[in-house]
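A.B. asks: Heads up: the sequence shown begins at 1 in full-length UniProt numbering, then just goes up one per residue. Positions of the beta carbon are idealized from the N, C-alpha and C atoms, including for glycine.
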Amino acid sequence: MIIDKELIISMTDEELSSYIPKHGDRLRLKRFLTRSQKEEKQNHKRENRLSILRKKIEDKRHRKPKTDSSAEEESEEMRPRQLGNRNAQKQTRKIELGWIHLGVQSSKSALQS
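1. Let me check understanding here. Comparing Cα to Cα, which of Q91, R49, K108 lies closest to G98?
2. Considering only their Cβ atoms, is the gap separating I8 from K30 smaller than 8 Å?
3. Considering just the uninterrupted stretch of the alpha helix (DSSP H) at I8, what are its terminal residues?
4. What would DSSP say about L53, mapped onto helix, strand or coil?
5. Taking the CB atoms as reference points, tell me whether S17 and R26 lie closer together than 8 Å.
6. Determine the direct distance from the alpha carbon of K55 to that of R63, and round the result to whole angstroms.
7. Could you tell me which residues DSSP pairs with G98 in its beta bridges?
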């Protein structure tokens, strides 16, 4: 006969005493199983919430703009945001090299590319 968590939790102390003779061990076992059951429920709820958030984020990324007036209200609430760093995506960079003459209060540019 296989005894699972739910069965042990639902068993009375007298029924469980035939399997586990010490009272303290029975109490520890029940406490352990109820705690682990609560943690599993909390983890399940957390995973559900995270999956909902991930789905919402993906929907926002792939949403196409609408043209009617209700879309204008939504666009005011949820503006499209840039993803990533645009400067990092550039193939070329603008580099300027120069110095400032402190005594003359002028700047000298040596190299621009």
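C.D. replies: If we stick to the structure as given:
1. Along the sequence shown, one-based indexing puts residue 98 at 98. Minimum Cα-Cα distance from G98 among the listed residues Q91, R49, K108 corresponds to K108.
2. Residue 30 sits at position 30 when you count from the first residue of the sequence shown. Residue 8 sits at position 8 when you count from the first residue of the sequence shown. Yes, the Cβ-Cβ distance between K30 and I8 is below 8 Å.
3. Counting from one through the sequence shown, the residue named residue 8 turns up at place 8. Segment 5 to 10, the alpha helix (DSSP H) holding I8.
4. The count along the sequence shown starts at 1 and reaches residue 53 at position 53. Note: L53 maps to helix in three-state DSSP.
5. The sequence position of residue 17 within the sequence shown is 17, counting from 1. The sequence position of residue 26 within the sequence shown is 26, counting from 1. Cβ distance < 8 Å, so S17 and R26 count as in contact.
6. Within the sequence shown, residue 63 is the residue found at index 63, counting from 1. Within the sequence shown, residue 55 is the residue found at index 55, counting from 1. One C-alpha to the other measures close to 12 Å.
7. Within the sequence shown, numbered from 1, the residue matching residue 98 stands at position 98. DSSP lists S109 as partners of G98.
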